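Chains as they are written, first to last, in our numbering: chain A, 1 to 232; chain B, 1 to 312.
Encoded as structure tokens, the structure appears first; notes follow it.
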């Protein structure tokens, strides 16, 4: 009998269990955000689009997205291979959107909110929110599912790998555009909150252009690397 | 030395085993199971605790009726290593304990323990909603069926596992399927509390659940049919779903759980259990496919997908 023991690469023991748990939780949460979004859009009439935000944002989306902070920690501790700076940039931009824009400036009953207002008129912010939700949701489901299977060591199906390294071509621009729209919409209420915060958001918009370029090319590089590995 | 027998040198591996003989005499035509029986008897150690390997290449000597001592390449004065695996527990016992948690927890959470668990919500707590009671019924039915299958349907190979493993295995079911789902779905502010459930979600969910459970039961009956009572026979299964994927029982199980997910009003806790369980089942299914291919060769029609048709 000549069964060559395949040396399992990647995390082992408790780290493996933890990473599997983290990725499976994140996958479940993001899939639920996405599916609930689809479901609400399907059952509600078009003028009720803002209710999607109210249903999903608190506490589901906030919790789901905040959990990603752990990813910076994973990268710092070296239990995953992702570079710290790129991870931190990605997570920070999401947190800014979720807490610094959506949380601060959503409708609180005075009609001034940029998203989630229960009015007949659907605001631009509501569409931008749907843009974010679909881009983030789909990307994250694919990404966390991919990681979960990778950590488990069963191998990732080919079509899943394909999704992982191709969907971003469409979803990144959609996500980034929606995010920028929300930040722009937040400028006015931000000025009322504190002029400094408005300036901060303007700076953020300035960073978004080179930042999104870096993330986009990072993904393209990752894609090339992954395709090369598969070809070997 | 009796005529027609060989002497094997017996050495313990790991912890010393009391009363383990230094040598054992056996006929080359005897089954390898006999080595196990003889050594278990002599050392007073349960047969399931022993693991016997060849001294020369460390390969495992199966506890099997169908392998002859001679086939394993053991010769006169070959060395065998014997390891005590520690206390063992039968698969059936483990299964019964595993499923008991998620069988009992939903009803306990929804009724008697409700005020204790949701102590931080405004009093009085609203009555359990229609959907919450329905999810409780579905969960209980699912695990009741599992207990039933464990006791009356599954034919286990006589394999056992280390007794310690019961904690690890139970944790998955008790925590993820029991506590976690019950807590989130039965919360007074869960999405399952809506008074007018969406019919599309509800009836699709119930349909998937009923189909999944019945089809899963059917696959278990097919698998049972492969093994005569009291044996560890193996065979190539055929029946509903078995042409599609290697392990349709897992496929149908996932379908049933997706049904519960829909009825629960898309609670992430249910999807989380599906994800973790699905990943584990995917790994098992892959192993199973490899095993079928190795064991039955050309007789086995290779499957392109092990668990989810068209996907995995």
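For every residue, glycine included, the Cβ atom is placed at its ideal position computed from N, Cα and C.
None of these values were measured; they are calculated from a predicted model.
Discussion item. Any C-beta of chain A within less than 7 Å: which residues of the region 278 to 307 of chain B qualify?
Written reply: 279, 282, 283, 286
Practice prompt. For residue 36/A, collect the residues of the same chain with a Cβ closer than 8 Å to its Cβ; drop the 5 residues on either side in sequence, then sort them by chain order.
Written response: 55, 56, 60
Item to complete: List in chain order: all unbroken alpha helix (DSSP H) runs of 4+ residues lying wholly within the region 85 to 169 of chain A.
Response: 124 to 152, 158 to 166
Discussion item. For a contact defined as C-beta to C-beta under 7 Å, what are the partners of residue 28/A on chain B?
Written reply: 268, 271, 272, 275
Worksheet entry | CB-CB length for residue 51/B against residue 75/B, believed under 8 Å | The pair is not a contact, with the Cβ atoms about 21 Å apart (cut-off 8 Å).
Item to complete: Using three-state DSSP, classify residue 9/B as helix, strand or coil.
Response: strand
Item to complete: Please check the pair residue 187/A and residue 201/A, which I expect to be a contact at CB under 8 Å, by giving their CB distance rounded to whole angstroms.
Response: 6 Å
Worksheet item: When DSSP labels each residue in this structure, what does residue 307/B get in the three-state scheme?
Response: coil
Worksheet item: How would you write the range of the beta strand (DSSP E) that residue 164/B sits in, first residue to last?
Response: Neither: residue 164/B is in no beta strand (DSSP E) and is coded neither H nor E.
Practice prompt. Check whether the region 140 to 149 of chain B touches the region 64 to 74 of chain B, counting contact only when three or more Cβ pairs, one atom from each stretch, lie closer than 8 Å.
Written response: no
Discussion item. Count Cβ pairs between the region 253 to 261 of chain B and the region 212 to 222 of chain B that sit closer than 8 Å; are there 3 or more?
Written reply: yes
Practice prompt. Mind listing, in chain order, the continuous beta strand (DSSP E) runs of no fewer than 3 residues lying wholly within the region 8 to 92 of chain A?
Written response: none
Worksheet item: residue 150/B to residue 184/B, Cα distance in whole Å?
Response: 28 Å
Worksheet item: Based on Cα-Cα distance, which residue from 127/B, 266/B, 105/B lies nearest to residue 140/B?
Response: 105/B
Discussion item. Can you list, in chain order, the residues of its chain with a C-beta nearer than 7 Å to that of residue 217/A? Leave out the 5 residues immediately preceding and following it.
Written reply: none
Fill in: Own chain partners of residue 157/B with C-beta closer than 7 Å, once the 5 adjacent residues on each side are dropped
232
Practice prompt. Please report how far the alpha carbon of residue 226/A lies from the alpha carbon of residue 23/A, in whole angstroms.
Written response: 20 Å
Worksheet item: Exposed or buried, residue 192/A, counting other C-beta atoms within 10 Å across all chains shown (16 or more means buried)?
Response: exposed
Worksheet item: Do you know how far the Cα of residue 221/B is from the Cα of residue 94/B?
Response: 20 Å
Practice prompt. Would you verify that the beta carbon of residue 169/B is, or is not, closer than 8 Å to some beta carbon of chain A?
Written response: no
Practice prompt. Scan the region 52 to 66 of chain B for residues whose Cβ lies nearer than 9 Å to a Cβ of chain A and list them as they occur along the chain.
Written response: 57, 59
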